[in-house]
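Numbering (this note's numbering), first residue to last: 69 to 123. We put the beta carbon where it would ideally sit given N, CA and C, even for glycine. Bear in mind the structure is a predicted one, so any value in this text is a computation, not a measurement. What follows is a single structure, written as structure tokens, with notes after it.
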């Protein structure tokens with residue numbers, strides 16, 4: 069769980085891929101309800117990052 073009133077940071081192997089505030093999105097809520105058909109596991113925001121593949 070995260071406090072979305074504060075900025076968040078996404079890191080992988082010591083490298084930062086996202087820093088900032090994340091906004092609630094009605095579309096994300098609707099999509100997770102449809103996917104899970106379960107109102108107890110609703111997500112209200114989504115952040116996607118590209119992590120480069122290492123050799």
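Which residue from the options puts its Cα closest to that of residue i?
i	options	result
residue 120	71, 80, 76 and 72	80
residue 93	105, 112 and 104	112
residue 115	69, 122, 86 and 108	86
Pull up the DSSP beta-bridge partners for residue i, would you.
i	result
residue 80	83
residue 109	In the DSSP output, where bridge partners are listed per residue, residue 109 has none listed.
Taking Cβ to Cβ, would you say residue i is nearer than 7 angstroms to residue j?
i	j	result
residue 72	residue 96	no
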